[in-house]
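Worksheet: the structure to be examined is printed underneath.
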Amino acid sequence: MVANGARGERGVLIVVEGLDRAGKSSQCEYLRNFLVQSGHSVKYIRFPDRTTSIGKQIDSYLRGQSQLDDHSIHLLFSANRWELAQSIESDVASGTSVIIDRYSYSGAVYSAAKANPSLSLEWAWSPEIGLPQPDLCLFLQISPEEAAKRGGFGGERYENETMQVRVRELFKTVFDLQRRADVRTVDAGRPLQEVSQDISNIITACITRVDRTSPLQKLTSLSSGAMDS
Ligand code: FDM
Ligand code: MG
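If you read the sequence shown in UniProt numbering, its first letter stands for residue 1, the second for the next number, and so on.
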């Protein structure tokens with residue numbers, strides 16, 4: 001595998017998405033080590049980034065310590081990505097690969113799952129247009145049964161059965177519509193090592209396939225994503 005920076009190539013942008021308890025954090029950690037061992041310089045980001053001032057408002061909302069209108073909190077989640085967009089682009093351009101735990105897909109899906117009649121999936125997606133387009137989105141799929149075996153819900157907002165059921169459906173819808181995204185679904189209900197093995201194969205193929213002499217693309221509207229392919 002060719003290390004980052006070699007021949008002036010950019011890094012790759014990889015997003016990891018999935019339902020709660022699919023093992024996103026463990027697999028992001030695995031992925032990070034895998035890329036480092038392959039000679040890449042790597043940055044890891046998770047959204048929401050709760051450390052910024054916007055992130056602190058999001059954190060307070062998620063913990064139930066503040067109430068916000070559905071649209072307002074949605075736009076804060078998006079703003080939290082926009083405030084990091086430039087640094088992601090410049091890291092990737094300078095040869096660093098960036099792994100992101102949750103991105104625009106979670107953003108659109110969780111807000112649309114609230115079933116607020118004035119907050120459609122299309123509306124929820126629109127502030128994401130123009131953000132860096134990932135080279136690859138790994139979607140960690142887990143059945144409700146397997147998720148239940150992995151323990152109960154935490155105490156944060158959205159950590160309940162009704163939301164999880166809707167989120168599961170909406171992830172499918174958003175990936176069908178945003179077909180420009182290279183989404184690979186991984187069965188994350190299996191033992192950790194099996195999942196990691198699949199992930200290394202997918203990543204190796206992705207690094208070979210991506211033209212790292214061309215810059216990152218931008219996210220487009222949901223429908224144009226479907227028409228393009
Ligand atoms: N979430 C996450 C959103 O509702 N919108 C977003 O844009 C993002 C990135 O926040 F329930 C939700 C998804 C989840 C919660 O995420 C916190 P973590 O990964 O479970 O901490
Ligand atoms: Mg969570």
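Every residue gets a Cβ at the ideal spot worked out from N, C-alpha and C, and that includes glycine.
GLN67: buried (16+ other C-beta within 10 angstroms of its C-beta) or exposed?
The residue given as residue 67 occupies position 67 in the sequence shown. Exposed, since its Cβ has fewer than 16 Cβ neighbours within 10 Å.
ASN80 and ILE54 look like a contact to me (Cβ under 8 Å); what is the Cβ gap, rounded to whole Å?
The sequence position of residue 80 within the sequence shown is 80, counting from 1. The sequence position of residue 54 within the sequence shown is 54, counting from 1. Contact between ASN80 and ILE54 holds, with the beta-carbon distance rounding to 5 Å and staying under 8 Å.
Cutting at 7 Å between CB atoms, please list the residues of its own chain near PRO64, excluding the five before and the five after it.
Residue mapping note: residue 64 aligns to position 64 of the sequence shown, counting from 1. This sequence places Gly at residue 64; Pro is not what is there. Cβ neighbours of GLY64 beyond the five flanking positions: ARG157.
Measure the alpha-carbon distance for ARG21 versus GLY95 and round it to whole angstroms.
As a working mapping, residue 21 is identified with position 21 in the sequence shown. As a working mapping, residue 95 is identified with position 95 in the sequence shown. When rounded, the distance between both Cα atoms is 31 Å.
According to DSSP, simplified to helix, strand and coil, what is LYS56?
Counted from its first residue, the sequence shown places residue 56 at position 56. DSSP places LYS56 in helix when its eight states are reduced to three.
Got a sec? Which residues, its chain only, sit under 6 Å from ARG212 by beta carbon, not counting five neighbours each side?
Counting from 1 along the sequence shown, the entry for residue 212 is found at position 212. Taken in chain order, the residues that qualify are GLU9 and ARG10.
Could you spell out the range, first to last residue, of the beta strand (DSSP E) harbouring PHE139?
Your numbering for residue 139 matches position 139 in the sequence shown. Start and end: 136-141.
To the nearest angstrom, how far is the alpha carbon of LYS24 from that of ARG102?
Here residue 24 is taken as the residue at index 24 of the sequence shown, counted from 1. Here residue 102 is taken as the residue at index 102 of the sequence shown, counted from 1. If you take the alpha carbons of LYS24 and ARG102, they lie about 9 Å apart.
Span of the beta strand (DSSP E) holding LYS218?
Working through the sequence shown from its first residue, we reach residue 218 at position 218. Looking at the DSSP string, LYS218 is not in any beta strand (DSSP E), and its letter there is neither H nor E.
DSSP on LYS43, reduced to helix/strand/coil?
Along the sequence shown, one-based indexing puts residue 43 at 43. LYS43 falls in the strand class under three-state DSSP.
What's the call for VAL12, buried or exposed, on a 16-neighbour Cβ count within 10 Å?
If you number the sequence shown from 1, residue 12 lands on position 12. Classification of VAL12: buried, given that the 10 Å Cβ count is 16 or more.
Would you mind working out which of SER90, GLN141 and LYS56 sits nearest LEU131, comparing C-alpha positions?
The residue given as residue 131 occupies position 131 in the sequence shown. Among SER90, GLN141 and LYS56, the Cα nearest to that of LEU131 belongs to SER90.
Taking the beta strand (DSSP E) that GLU17 falls in, what are its first and last residues?
The residue you call residue 17 lines up with position 17 of the sequence shown. According to the DSSP assignment, GLU17 belongs to the beta strand (DSSP E) that extends over 13-18.
Just the C-alpha distance for PHE77 and THR185, rounded to the nearest angstrom, thanks.
The residue labelled residue 77 in the question sits at position 77 within the sequence shown. The residue labelled residue 185 in the question sits at position 185 within the sequence shown. In a straight line, the C-alpha of PHE77 is about 24 Å away from that of THR185.
Taking 6 Å as the limit between beta carbons, can you name the residues of its chain near ILE100, skipping five residues before and five after?
Residue numbering aside, residue 100 sits at position 100 when the sequence shown is read from its first letter. The residues are VAL15 and ILE45.
May I have all residues whose beta carbon comes closer than 7 Å to any heavy atom of the ligand SAM, sorted in chain order?
The ligand SAM is not part of the structure shown, which contains the ligand FDM and the ligand MG as its ligands.
Could you say if the region 130-146 and the region 196-212 meet the contact criterion of at least three C-beta pairs nearer than 8 Å?
yes
For PRO48, which beta-bridge partners are listed by DSSP?
Against the sequence shown, residue 48 aligns to sequence position 48. PRO48 pairs with nothing; no bridge assigned.
Run through the region 137-183 for me and flag every whole alpha helix (DSSP H) of 4 or more residues, listed as ranges in chain order.
Runs of the alpha helix (DSSP H) inside the region 137-183: 144-149 and 161-177.
Leaving out the 5 sequence neighbours to the left and right, which residues in its chain are closer than 6 Å to ARG50 when beta-carbon positions are compared?
The sequence position of residue 50 within the sequence shown is 50, counting from 1. Cβ within range, chain order: ASP59.
Quick one: measure Cβ to Cβ for residue 230 and SER111, integer angstroms, because I've assumed they're closer than 8 Å.
Only positions 1 to 229 of the chain appear in this structure, which leaves residue 230 out of reach.
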